[in-house]
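Each residue of the sequence shown is one higher than the one before, counting from 8 in this note's numbering.
Encoded as structure tokens, the structure appears first; notes follow it.
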Amino acid sequence: MTLSARLAFWSGVLGALAGAARCDTVSFLSPTTTEQPFGSFYGQSASDDGPERSLPHFISGTGVFAGNPYAPAAQLPFYGDSGSALLLPSGFWFHSGGPSQTALLMEIAGWRDGNTLGWYNTANSADFGVIFQGSDQANPSNSDFTTTPVLRSFQPSTDWGLWLLPNYQAPITASAIAQDGMLSLQHPEQFGLFRDDTQDLYYIGVEDTLVGRDFAGGDRDYNDMIFSLKNTPQVPEPSTVLLLGTVVLGLGLLRLRAH
Ligand SMILES: [Ca+2]
Ligand SMILES: [Ca+2]
């Protein structure tokens with residue numbers, strides 16, 4: 008084998024390993040949940056806060072968010088249930104290797120001083136962490152949309168979801184999350200989940216008053232908290248690496264014999 012052929016071979020092997028490392032990082036209760044085109048459902052949202060300040064405006068960098076350097080300014084797809092006329096978001100959770108990086112980008116909410124966001128272990132909701140405290144503020148006020156991102160890094164469990172405790176001022180407890188929290192698995196309609204595939208980055212908007220599965224509650228502008236999220240893909244299981252290594256070694260031995 009020539010040197011260039013060897014390099015091509017090993018870069019192929021490394022590429023295969025990297026591909027194995029990039030596990031799917033979001034899962035849904037409903038198997039029909041897929042990426043939906045921008046413009047349907049969330050794209051038609053109005054807002055009680057005033058015109059042109061709902062989540063889709065932030066995603067597309069339009070309305071009051073025009074020129075905001077932290078708005079993705081793209082028509083990103085969102086995750087919804089294509090089996091429903093309402094495009095219901097399905098309960099979702101992440102599967103990742105951590106740590107996760109997040110940036111609070113916007114809060115337009117009467118409860119912006121109290122809304123608290125965190126992660127929880129989907130196998131045990133007593134295992135949880137706070138991501139953004141109520142006192143964290145990305146923009147100065149409900150009428151000043153200048154973003155100064157609040158950056159956070161956290162190490163969640165392997166399978167984890169998001170919770171929001173609306174206007175919660177007391178120390179966070181597991182029972183408060185279970186009783187009062189809006190969990191991504193039980194209340195997926197509180198979260199708008201968008202994904203920028205080019206950067207493996209999620210943009211998530213939260214509604215801090217109960218929307219309900221009939222979408223009759225809240226004003227559904229999903230701008231009460233807007234943040235980006237980047238997860239670390241889970242590394243392959245040691246057994247997978249061992250198997251791939253054995254295959255590579257076997258291929259090498261076969262090549263040696265062929266010579
Ligand atoms: Ca806040
Ligand atoms: Ca709202």
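For each residue, glycine too, the CB sits at the ideal point set by N, CA and C.
What you are looking at is a predicted structure, and each value in this text was computed from that prediction instead of being measured.
- Judged by their CB atoms, Gly188 and Leu200 are not nearer to each other than the 8 Å cut-off.
- DSSP places Leu124 inside the beta strand (DSSP E), whose first and last residues are 123-128.
- Every alpha helix (DSSP H) of 4 residues or more that sits fully in the region 134-206 is shown, in chain order, as 181-187.
- For the 8 Å CB-CB criterion, Thr123 and Tyr175 form a contact.
- In this structure, the CA atom of Leu83 is about 6 Å from the CA atom of Arg202.
- If you draw a straight line from the Cα of Phe152 to the Cα of Trp118, it comes to about 16 Å.
- Taking each of Ala183, Thr69, Ser37, Pro38 in turn and checking the Cα distance to Gly46, the smallest one comes out for Thr69.
- With contact defined as three or more Cβ pairs closer than 8 Å, the region 127-139 and the region 157-165 are in contact.
- If you check the CB distance, Phe99 and Ala78 do not come in under 8 Å.
- Counting the other Cβ atoms within 10 Å of the Cβ of Ser97 gives 16 or more, which makes it buried.
- Between Phe222 and Ile211, the CB-CB gap reaches or exceeds 8 Å.
- Taking all protein chains in view, the Cβ of Asp215 is crowded by 16 or more other Cβ atoms within 10 Å, so the residue is classified as buried.
- Taking 7 Å as the cut-off, the C-beta of Asn174 does not count as close to any heavy atom of ligand 1.
- Excluding residues up to 5 positions away in sequence, Gly224, Gly225 lie with their Cβ nearer than 7 Å to the Cβ of Leu217 in the same chain.
- Per DSSP, Ser97 lies in no alpha helix (DSSP H) and is assigned neither H nor E.
- For the set Trp167, Phe72, Ser107, Gln193, the Cα lying nearest the Cα of Met113 is the one of Phe72.
- In terms of CA proximity to Thr39, Leu95 leads the group Ser182, Thr154, Leu95, Gln140.
- As the crow flies, the alpha-carbon of Asn149 is around 23 Å from that of Glu196.
- Look at Val213 here: in three-state DSSP terms it is strand.
- Residue range 62-67 is occupied by the alpha helix (DSSP H) that includes Phe65.
- Beyond the five residues adjoining it in sequence on each side, Gln193 comes within less than 8 Å, by CB distance, of Gly98 in the same chain, given in chain order.
- Arg159 counts as buried, since at least 16 other C-beta atoms from the protein chains shown sit within 10 angstroms of its C-beta.
- Placement of the Cβ of Ser148 at a distance of 7 Å or more from every heavy atom of ligand 1 is found.
- Between Thr239 and Ser107, the gap from beta carbon to beta carbon is short of 8 Å.
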